[in-house]
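Asks:
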Amino acid sequence: MKKLSGGGALPPKVNVIELLRGFVGGFVGILGLCFITSIAGYPLLMAPFGATCVILFAAATSPLAQPRNVIGGHFISALIGILALLTFGTNPWVMALSVGLAIVAMQFFRVVHPPAGANPLVILMAGSYHFDFLIFPVLIGSIFLVGIASLINNIGLTKKWPIYWYGSSSNQQ
Numbered sequence: 034m035k036k037l038s039g040g041g042a043l044p045p046k047v048n049v050i051e052l053l054r055g056f057v058g059g060f061v062g063i064l065g066l067c068f069i070t071s072i073a074g075y076p077l078l079m080a081p082f083g084a085t086c087v088i089l090f091a092a093a094t095s096p097l098a099q100p101r102n103v104i105g106g107h108f109i110s111a112l113i114g115i116l117a118l119l120t121f122g123t124n125p126w127v128m129a130l131s132v133g134l135a136i137v138a139m140q141f142f143r144v145v146h147p148p149a150g151a152n153p154l155v156i157l158m159a160g161s162y163h164f165d166f167l168i169f170p171v172l173i174g175s176i177f178l179v180g181i182a183s184l185i186n187n188i189g190l191t192k193k194w195p196i197y198w199y200g201s202s203s204n205q206q
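Printed below as a string of structure tokens:
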């Protein structure tokens, strides 16, 4: 490993197969959401899903990339954003409050997924979302991306993704 000036080391270089996995996963995931949107007539794409693809396909073994975190994190954060919007409006303090509450809720429910932290901002900046946003695009879109990750991240004899769906017995309380 290459040493950084701060004493840490860079991660190892990624091989061509992993680069292809990242490209194909991100491409198929986002294109699939766009395609389904055009057929169904319901929006299934939102900006945080681009960052979700990075975690799902470039850091698949991370706890942040597990289905529970992706789906739960997006759902909880979007719910907080919608409740904040409907209760308090779109003031800057509401944006800050909703992101802070989303972080706390994801930590509390053990579903931390960093891209989901943007959901309240997406909702509050648009200022017109309602509870149906939780289904289209949040829930259906995140489930679709997890499904694509289940296919792409299991290509190869030694691949086994996800690491867990609900949680392992060693970390459940």
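Residue numbers (my numbering): 34 to 206. Note that beta-carbon positions come from the ideal geometry of N, C-alpha and C, so glycine has one too.
Quick one: grab the DSSP three-state call for A80.
Replies: coil
Asks: Give me the Cα-Cα distance between I50 and M139, rounded to the nearest whole angstrom.
Replies: 32 Å
Asks: Among V127, F169 and V47, which residue has its Cα nearest to the Cα of L78?
Replies: F169
Asks: Going straight from the alpha carbon of V145 to that of I72, what length do you get?
Replies: 31 Å
Asks: Between which two residues does the alpha helix (DSSP H) harbouring S95 extend?
Replies: Run containing S95: none; DSSP gives neither H nor E here.
Asks: Along the chain, where does the alpha helix (DSSP H) that runs through G55 open and close?
Replies: Run containing G55: V49 to A73, per the alpha helix (DSSP H) assignment.
Asks: Buried or exposed for P45, going by 16 or more other Cβ atoms inside 10 Å?
Replies: exposed
Asks: Please report the Cβ distance between G150 and I136, rounded to the nearest whole angstrom; I am assuming they are in contact, meaning their Cβ atoms lie under 8 Å.
Replies: Between I136 and G150 the Cβ distance is about 6 Å, and since that is below 8 Å, they are a contact.
Asks: Since P81 and V155 should fall inside the 8 Å C-beta cutoff, what is the C-beta to C-beta distance between them, to a whole number of angstroms?
Replies: 7 Å
Asks: If I measure Cβ to Cβ from L157 and keep anything under 8 Å in the same chain, skipping five residues before and after, which residues do I get?
Replies: Listed in chain order, the non-local C-beta contacts of L157 below 8 Å within the same chain comprise G114, A117, L118, T123, V127, M128 and S131, local neighbours out to five positions each way being set aside.
Asks: Distance check for F166 and L112, CA to CA, integer angstroms please.
Replies: 9 Å
Asks: Using the beta-carbon count (16 or more within 10 Å), is I188 buried or exposed?
Replies: exposed
Asks: Say whether chain D places a C-beta atom closer than 7 Å to the C-beta of F121.
Replies: Annotation note: the requested chain D is absent from the structure, which comprises a single protein chain.
Asks: Give every residue of the same chain whose Cβ lies closer than 8 Å to the Cβ of V61, excluding the five residues on either side of it in the sequence, and list them in chain order.
Replies: I181 and I185
Asks: Please work out which residues of its chain come closer than 7 Å, Cβ to Cβ, to A91, disregarding the five sequence neighbours upstream and downstream, and give them in chain order.
Replies: G55
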